[in-house]
Every structure is written in structure tokens, then in C-alpha cells.
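Peer 1: Residue numbers (this note's numbering), protein chains in the order written: chain F, 1 to 102; chain P, 1 to 208.
(1) Exposed or buried, which one is residue 9/F when buried takes at least 16 other CB atoms within 10 Å?
(2) Pull up the distance between the alpha-carbon of residue 113/P and that of residue 151/P, whole angstroms please.
(3) Check each residue of the stretch 56-82 of chain P: if its Cβ is closer than 7 Å to any Cβ of chain F, include it; give the result in chain order.
(4) With respect to the alpha helix (DSSP H) encompassing residue 69/P, which residues constitute its N-terminal and C-terminal limits?
(5) If you draw a straight line from the C-alpha of residue 46/F to the C-alpha of residue 164/P, how long is it?
(6) Quick one: grab the DSSP three-state call for residue 25/F.
(7) Checking contacts by CB at 9 Å: is residue 23/F closer than that to chain P?
(8) Which same chain residues, not among the five before or five after residue 11/P, have their C-beta less than 6 Å away from its C-beta?
(9) Helix, strand or coil: how does DSSP classify residue 187/P here?
(10) Out of curiosity, what's the CA-to-CA distance linking residue 198/P and residue 87/F?
(11) Determine, using beta carbons only, whether residue 191/P and residue 90/F come nearer to each other than 9 Å.
(12) Check for me: the beta strand (DSSP E) holding residue 8/F runs from which residue to which?
(13) With 7 Å as the limit, tell me which residues of the stretch 176-203 of chain P have their beta carbon closer than that to any beta carbon of chain B; keep them in chain order.
(14) Would you mind working out which of 73/P, 125/P and 141/P sits nearest residue 28/F, comparing C-alpha positions?
(15) How big is the Cα-Cα spacing for residue 119/P and residue 18/P?
(16) Given a cut-off of 9 Å on the beta-carbon distance, is the pair residue 62/P and residue 133/P in contact?
(17) According to DSSP, is residue 54/P helix, strand or coil?
(18) Between the alpha carbons of residue 168/P and residue 35/F, how many angstroms are there, rounded?
(19) Using the Cα positions of residue 71/F and residue 77/F, report the straight-line distance between them to the nearest angstrom.
(20) Answer with buried or exposed for residue 67/P, where buried requires no fewer than 16 other C-beta atoms within 10 angstroms of its C-beta.
(21) Between residue 59/P and the rest of its own chain, which residues show a CB-CB distance below 6 Å, the 5 nearest in sequence each way excluded?
(22) Tell me which residue opens and which closes the alpha helix (DSSP H) that residue 157/P is part of.
(23) Can you tell me which of the three DSSP states residue 22/P falls into?
(24) Looking only at its chain, what residues have a beta carbon closer than 6 Å to the beta carbon of residue 157/P, apart from the 5 residues adjacent to it on each side?
(25) Here's a check: name, in chain order, each residue in its chain whose Cβ is nearer than 7 Å to the Cβ of residue 82/F, leaving out the five neighbours to either side.
(26) From 89/P, 80/P and 44/P, pick the residue whose C-alpha is nearest to that of residue 93/F; which is it?
(27) Considering only residues of the same chain and omitting the five flanking positions on each side of residue 154/P, which have a CB-CB separation below 8 Å?
(28) Considering only the beta carbon of each residue, do residue 14/F and residue 42/P sit closer than 9 Å?
(29) For residue 126/P, name the three-state secondary structure that DSSP assigns.
(30) Grab the span of the alpha helix (DSSP H) containing residue 88/F for me, first residue to last.
Listed below in C-alpha cells is the structure:
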């Protein structure tokens with residue numbers, strides 16, 4: 001095992017990360033209700049997707065320890081995620097569900 | 001995140017190959033990468049049909065209970081915390097801690113599953129939205145049902161490890177890698193729900 005793999009967060013840090021995830025989730029739900037009142041539309045979608053992406057990266061990076069892993073799993077996982085996202089964005093835009101403005 | 005501890009893992013009997021990572025662990029990462037495509041297809045299908053009109057019956061976005069689903073999401077998110085605490089406890093040779101956190105993770109997963117069963121029952125009984133009501137309902141049940149199945153498989157694996165940990169001597173070095181692989185799977189199930197909660201629930205309900 002490499003020195004990089006040996007270096008994992010402490011339990012205290014895991015609790016802090018969980019608190020951050022809880023705060024982000026609360027903010028997401030709050031945004032949902034703000035949008036219901038104000039009708040933010042695209043801005044709401046942008047904020048919610050950004051928050052979800054942030055939570056995703058935090059869990060993958062710290063809880064799944066991907067940021068402490070070697071390059072191989074990093075590449076597999078990141079490539080899989082990006083390829084899936086790209087493929088389905090193309091499919092959904094081709095079917096008119098997602099509109100990508102250039 | 002600079003305050004880190006240097007662990008001396010109990011587990012990880014898996015030999016490292018030329019890739020710098022054990023074959024079993026690499027296999028799990030590849031499997032999880034392929035799961036992205038699987039869930040991506042289900043989410044794309046839901047997005048395709050979620051707001052497509054012309055069909056009879058109740059649409060999922062009309063009957064979502066956001067406060068309830070928010071609590072379920074929180075429960076699953078916190079199960080990722082208990083999972084890493086189990087892994088951390090084992091790496092320090094703390095068998096009691098490992099047992100406690102493993103059971104807590106399985107229990108939180110079971111609570112999430114109970115919530116999903118309750119949600120499905122409400123939708124079917126109260127709102128008369130079944131698997132065959134319309135394409136949006138079918139896509140919804142397919143996506144969340146498959147995710148729930150993944151959670152159920154995770155709970156079974158966690159309870160199996162918990163059962164082994166209760167035996168004399170607790171979890172051995174060889175079981176350490178199993179715990180790590182189950183942990184990776186469990187966190188993956190969590191991140192998929194992060195996407196589903198935002199895309200399927202929060203963004204599907206039309207603004208007032």
C-alpha cells in the first residue's frame with residue numbers, strides 16, 4: 001500500500017464531512033421551496049445540480065477515498081461518470097428533453 | 001482537510017498488482033463505473049417520460065412527498081458516515097466499534113428501504129399509480145425499484161459481515177478487504193441516490 005493510500009481522514013473529519021453533507025441537503029430542500037414560491041426556473045436547476053454535484057464529489061473523494069487512491073481507479077471512475085453523463089446528455093438532447101444552447 | 005491520521009490497516013490482504021491496486025478492488029471500481037451506465041439509462045428514461053403528456057393517470061411528479069423523501073435521503077446519507085466509521089474502526093483493530101457501526105449502517109439502510117416501501121404503497125393505494133399506469137410511472141418504479149434492490153443487496157452484505165464480526169475473533173485480515181469492497185458499493189448506492197433525489201424528485205416537480 002502506498003503512503004497516499006495510508007492517509008485517510010480521521011473520524012472527526014468524517015463527522016465534519018457528514019455535517020457538511022447534511023447542510024447541503026438542507027439547502028437543496030430549501031431551494032426547492034424557494035423555487036415553489038418564486039419560480040426561479042433555470043437558476044434553481046443550476047443551483048440544485050451544482051449542490052448535487054458537490055455532494056457527489058465529497059462522498060466519492062472522502063468517503064470512497066478516491067482522492068487517496070492511485071491513478072487507475074481514479075481514471076476508471078471519472079471516465080465512467082463523464083462518459084455516462086455525456087452519452088445521456090446527447091441522447092436526451094437528441095430526443096428534445098434537454099435543450100443545449102450554444 | 002489537512003488533519004489526517006496514518007492508519008495501519010488490519011485488512012487488505014489483497015496483493016497489489018502492477019496497477020498499484022488489488023485485483024478485487026480494481027474489479028469493484030470497474031463494476032461501479034459500469035453501474036453509472038446502468039443507472040444513467042434508467043434516469044434518462046425517466047427524464048424522457050416524466051413530463052410527456054398524452055397519457056392517462058397520475059404522474060409521479062404530481063404526488064411526490066418531498067419532506068418524506070428528504071428525510072429518507074438524509075438517512076441514506078448518514079449511513080455513508082457510519083460505513084466509513086466501521087471501516088475506520090476495523091483499520092484500528094476495534095472489533096466492537098466495527099460491529100456497532102456495521103449494524104448502524106445496515107439499520108439505516110433498512111430504514112431507507114422501509115421508507116421506500118411506504119412511499120410505493122402510498123402511491124399505489126392512495127394515488128392509484130401502479131407500474132402500468134403510464135410510461136412516467138413505469139420509469140419511476142423501475143429506477144427507484146432498482147436502486148432499492150441495490151440497497152437491499154447492500155443491507156444483506158452488511159448483515160453478513162456483521163454476523164461474521166460477532167463470531168469469536170471478529171473480522172480477520174481477509175475480511176477487511178471484504179468490508180472495504182462492501183463500503184465502496186454502499187457509498188456508490190448513496191451517490192446514485194444523491195443524483196436521483198435531485199433530478200427525479202426536486203427538479204421534476206413543476207414550479208408553482
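Note that beta-carbon positions come from the ideal geometry of N, C-alpha and C, so glycine has one too.
Peer 2: Checking against the coordinates, here is how it stands:
(1) Result: buried.
(2) Cα to Cα, residue 113/P sits roughly 7 Å from residue 151/P.
(3) Residues 66, 70, 73, 74, 77, 78, 80 and 81.
(4) Segment 66-91, the alpha helix (DSSP H) holding residue 69/P.
(5) Residue 46/F and residue 164/P have their C-alpha atoms some 45 Å from each other.
(6) If DSSP states are grouped into helix, strand and coil, residue 25/F belongs with the helices.
(7) Closer than 9 Å: no.
(8) At residue 11/P the pLDDT is 45, less than 50, meaning the model places this residue with poor confidence; the figure from the coordinates comes in the next sentence. Excluding sequence positions up to five before and after residue 11/P, its CB lies within less than 6 Å of the CB of 173, 176 and 177, all in the same chain and listed in chain order.
(9) Of the three classes helix, strand and coil, the one that applies to residue 187/P here is helix, per DSSP.
(10) Distance between residue 198/P and residue 87/F, taken at the CA atoms: about 19 Å.
(11) Not closer than 9 Å, so no.
(12) Residues 7-9.
(13) In the structure shown, chain B cannot be found, because the protein chains are F and P.
(14) For residue 28/F, the nearest C-alpha among the options comes from 73/P.
(15) A straight line joining the alpha-carbon of residue 119/P with that of residue 18/P spans about 47 Å.
(16) Taking 9 Å as the Cβ cut-off, residue 62/P and residue 133/P do not qualify as a contacting pair.
(17) Correct three-state label for residue 54/P: coil.
(18) Whole-angstrom Cα-Cα distance: 55 Å.
(19) Each residue's alpha carbon lies about 10 Å from the other.
(20) Residue 67/P should be labelled exposed.
(21) Cβ-Cβ distances below 6 Å link residue 59/P to 136 in the same chain, with the five nearest sequence neighbours on each side left out; the list follows chain order.
(22) For residue 157/P, the uninterrupted alpha helix (DSSP H) run begins and ends at 135-165, by DSSP.
(23) Collapsing the DSSP output to three states places residue 22/P in a strand.
(24) The answer, listed in chain order, is 182.
(25) Contacts found: none.
(26) Of the candidates 89/P, 80/P and 44/P, the one whose C-alpha sits nearest the C-alpha of residue 93/F is 44/P.
(27) Sequence-distant partners of residue 154/P (beyond 5 residues in either direction) whose C-beta falls short of 8 Å from its own C-beta, in its chain, are 109, 182, 185, 186 and 189.
(28) Contact flag unset, no.
(29) Coil at residue 126/P, not helix or strand.
(30) From DSSP, the alpha helix (DSSP H) with residue 88/F extends over 71-94.
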